[in-house]
Amino acid sequence: MADETGTQVNPALAGLPKHALERLQGLREAGQSGGIFTSDLSVNEFLMVREAGFEPLGLVVGSCIYHVGIQYGSWGQNQELNVISQAMYQARELAMTRMEQEALTLMADGVVGVRLEVKRLGWDSDILEFMAIGTAISHSAGHPGFKGPKGMPFTSDLSGQDFWMLLRAGHRPLAMVMGSCVYHVAHQGVFKAMGNVGRNVEITQFTQAMYDARELAMERMQNEAKEAGADGVVGVQLHEGSHNWQPHVIEFFAVGTAVKPIEDKALIPEPASPQIVIPVND
Amino acid sequence: MSLFGRILGQNSDPDRQQHQAQQLARNQAWDTALTNQTLPDFVKQRLADTKSGKLPWISTGSVGALLAQRSHGIHPLGMVSGNCWYHYGYSWTRGHYDGWHTAIDRMRQEATLMGANAVVDVKLSATRMEGTGDDQMDYAVLGTAVRIAGLATPRTPVIATVSALEFARLMESGILPTGLAIGAHYNWHYSSRNASGQGTWWNQELRELSDFMTDIRRAAIGQLASDAARIGTGVLARVQFSELLRGEPAENDPRQRFLGRHIAFGTAVLHEPGRHISLKLKPVFSVSDGKMTPVMPREKEII
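Shown next as structure tokens:
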């Protein structure tokens with residue numbers, strides 16, 4: 201028997217399940233009958249998600265194509281363009297919610313590796329396409345302790361590797377949280393600008409605008425995390441961008457994964473204290 | 193005749209005729225082979241000679257991949273390839289599906305002839321050539337056929353986009369990459385209403401278009417799943433491409449036209465859900481720093 205499967209001859213094959221060994225030797229052509237999962241995980245992420253004790257269920261996607269309303273800032277005033285802020289937030293929220301709904305129909309515990317992309321459509325600068333895409337996963341032993349807020353699947357932009365590490369750190373993801381602020385940075389008056397010629401001076405008006413916009417975006421994200429019942433938010437990224445808007449208009453977008461400590465002590469894996477290494481080849 | 197003489201000699205008539213005849217014979221052999229879905233004799237010969245060791249093996253793998261030879265019994269046999277220049281006309285997504293699958297079938301045929309258990313490190317490349325139309329391109333795949341010690345020779349080898357080292361790691365955790373799965377879908381949407389909200393100034397979702405794109409992505413992912421189900425229990429689709437375009441209205445149809453398409457490529461895997469062999473991971477923290485970047489990235493004139 202051992203010779204037939206080759207496991208004794210080659211110990212590296214010992215881990216392969218029977219149907220995989222048979223396939224390698226051409227004894228079977230087809231896949232397994234029954235369910236199949238789809239995902240956008242890399243090979244390493246797939247390994248790590250399984251190492252964390254989860255199985256991928258399916259690729260989940262949410263789309264939202266949105267016509268952003270028109271709003272102009274007054275020339276000389278620092279102000280949030282709340283119409284555009286709301287558009288950017290609502291459209292992302294819609295894409296995320298639709299993705300979550302897909303995960304719910306798969307009876308997933310959560311979604312990892314969520315990518316939230318915004319694209320301007322070539323034929324109309326007012327139309328933006330938002331897409332949320334990620335891989336729905338579920339706990340292999342079916343433990344209910346990993347669900348997100350209100351029993352919905354959790355969402356997270358963490359990779360499979362980060363997900364494993366987060367659990368090792370004794371935390372679990374709750375929700376991908378975000379805050380957006382589109383801001384009009386005031387133009388300087390001509391006299392003011394002239395007055396600055398040749399002088400070293402901070403342009404406090406601009407400083408304030410950037411500060412205020414960033415603050416608003418972070419504040420909103422933080423509130424969302426509080427709403428989700430989180431202890432903290434990891435991997436926060438702060439994007440500054442302009443989606444082909446008029447000059448002096450920028451968006452601050454804060455996004456991260458809201459987390460909280462794992463409640464069920466039995467589910468907390470061994471702590472991982474990393475070995476410190478120094479590579480000698482670069 | 194010296195080498196130099198031989199090169200010069202090519203210009204003489206009999207040699208040129210001979211060269212011409214050889215090329216014609218080669219073209220003829222490719223023609224017959226592609227029609228009959230087989231390989232020309234000279235390719236078969238080279239593969240056979242590589243397999244028997246008359247010719248040295250060639251591999252796309254790194255030196256690191258060679259480590260898997262002793263640790264996991266994964267021996268390189270030789271590089272295998274296939275391609276398909278495909279004119280897809282109106283259906284770009286269908287073109288991708290057919291083009292890649294044909295190219296892979298050809299590569300698999302080469303690997304089968306070498307008695308491989310698997311082809312690893314498979315890379316895909318698409319080539320367009322100037323002077324040919326926008327509606328065609330070459331789909332090519334290249335990989336390294338390997339034998340795995342202790343296994344029987346299969347009728348058809350598995351196709352893996354991962355390197356030999358990754359292949360070995362997957363095997364250890366009870367996962368076998370089996371092939372490439374593709375899901376591609378496109379559709380047209382006609383709208384008599386103002387689907388793109390032109391001329392409006394308020395915030396609004398373009399629900400009609402959102403739903404249209406949702407359907408397209410679902411269809412593409414559904415196709416990916418059924419394509420993968422032929423050969424595996426799951427699919428890892430890292431590469432996704434999605435697009436929504438607005439077309440000019442058709443001649444006798446004033447409605448707005450939209451073209452949506454989505455394509456997903458993935459590695460199909462065979463595994464047993466719920467059964468996982470632990471990797472016994474050891475976390476490490478590297479104290480190496482990246483290259484220092486200049487504080488002032490560009491030189492600027494100071495006025």
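Residue numbers (this note's numbering), protein chains in the order written: chain A, 201 to 482; chain B, 193 to 495. We treat Cβ as the ideally placed atom computed from N, Cα and C, and that holds for glycine.
Proximal chain B residues relative to residue i, where beta-carbon distance stays under 8 Å
i	result
residue 323 (chain A)	388, 437 and 438
residue 261 (chain A)	406, 409, 410 and 413
Three-state secondary structure assigned by DSSP to residue i
i	result
residue 444 (chain A)	coil
residue 215 (chain B)	helix
residue 296 (chain B)	helix
residue 427 (chain B)	strand
residue 208 (chain B)	helix
residue 322 (chain A)	coil
residue 364 (chain A)	helix
residue 465 (chain A)	helix
residue 468 (chain B)	coil
residue 443 (chain B)	coil
residue 317 (chain A)	strand
residue 390 (chain B)	coil
residue 322 (chain B)	coil
residue 438 (chain A)	strand
residue 152 (chain B)	This structure cannot speak to residue 152 (chain B), because chain B is shown only from 193 to 495.
residue 432 (chain A)	strand
residue 350 (chain B)	strand
residue 302 (chain B)	helix
residue 328 (chain A)	strand
residue 212 (chain A)	helix
Per-residue contacts from residue i into chain B (C-beta, under 7 Å)
i	result
residue 240 (chain A)	429, 430 and 432
residue 256 (chain A)	426
residue 264 (chain A)	397 and 402
residue 246 (chain A)	428
Paired residues, beta bridge with residue i - DSSP
i	result
residue 329 (chain B)	B:278
residue 335 (chain A)	A:259 and A:312
residue 372 (chain A)	A:460
residue 451 (chain B)	B:380 and B:437
residue 378 (chain A)	A:455
residue 339 (chain B)	B:267
residue 343 (chain A)	Residue 343 (chain A) pairs with nothing; no bridge assigned.
residue 459 (chain B)	B:372 and B:428
residue 383 (chain A)	A:280 and A:450
residue 355 (chain A)	A:311
residue 334 (chain B)	B:273 and B:315
residue 507 (chain B)	Here chain B comprises residues numbered 193 to 495, so residue 507 (chain B) is not present and cannot be evaluated.
Closer than 8 Å at the beta carbon, the chain A residues around residue i
i	result
residue 474 (chain B)	475
residue 364 (chain B)	212 and 215
residue 468 (chain B)	250, 251, 253 and 340
residue 477 (chain B)	474, 475, 476 and 477
Per-residue contacts from residue i into chain A (C-beta, under 7 Å)
i	result
residue 396 (chain B)	267
residue 370 (chain B)	223
residue 465 (chain B)	255
Residue interval of the alpha helix (DSSP H) (run including residue i)
i	result
residue 418 (chain A)	404-427
residue 391 (chain A)	390-396
residue 418 (chain B)	399-421
residue 347 (chain A)	From DSSP, residue 347 (chain A) is part of no alpha helix (DSSP H); its letter is neither H nor E.
residue 220 (chain A)	218-224
Terminal residues of the beta strand (DSSP E) in which residue i lies
i	result
residue 373 (chain B)	368-383
residue 316 (chain B)	310-319
residue 237 (chain A)	237-239
residue 359 (chain B)	Careful: residue 359 (chain B) lies outside any beta strand (DSSP E), inside the alpha helix (DSSP H) at 356-364.
residue 476 (chain A)	475-477
residue 478 (chain B)	476-478
Chain B residues whose Cβ lies nearer than 9 Å to that of residue i
i	result
residue 286 (chain A)	395
residue 331 (chain A)	405, 409 and 434
residue 314 (chain A)	Under the 9 Å cutoff, chain B gives no residues; its nearest Cβ is about 13 Å from residue 314 (chain A).
residue 209 (chain A)	265, 341, 342 and 343
residue 294 (chain A)	397 and 402
residue 291 (chain A)	395 and 397
Any non-hydrogen atom of the ligand PLP within 8 Å of residue i CB
i	result
residue 444 (chain A)	The ligand content of the structure shown is nil, which means the ligand PLP is not present either.
Chain D contact for residue i (CB, 9 Å cutoff)
i	result
residue 350 (chain B)	Among the chains of the structure shown, chain D does not appear; the protein chains present are A and B.
Cross-chain neighbours of residue i in chain A, by beta carbon under 9 Å
i	result
residue 392 (chain B)	267, 269, 270 and 326
residue 253 (chain B)	Neighbours of residue 253 (chain B) on chain A: none; closest Cβ ~16 Å, over 9 Å.
residue 263 (chain B)	212
Every unbroken alpha helix (DSSP H) inside the region 244-283 of chain B [4 residues or more]:
255-264
Complete beta strand (DSSP E) runs within the region 250-307 of chain A (minimum length 3 residues, chain order)
254-267
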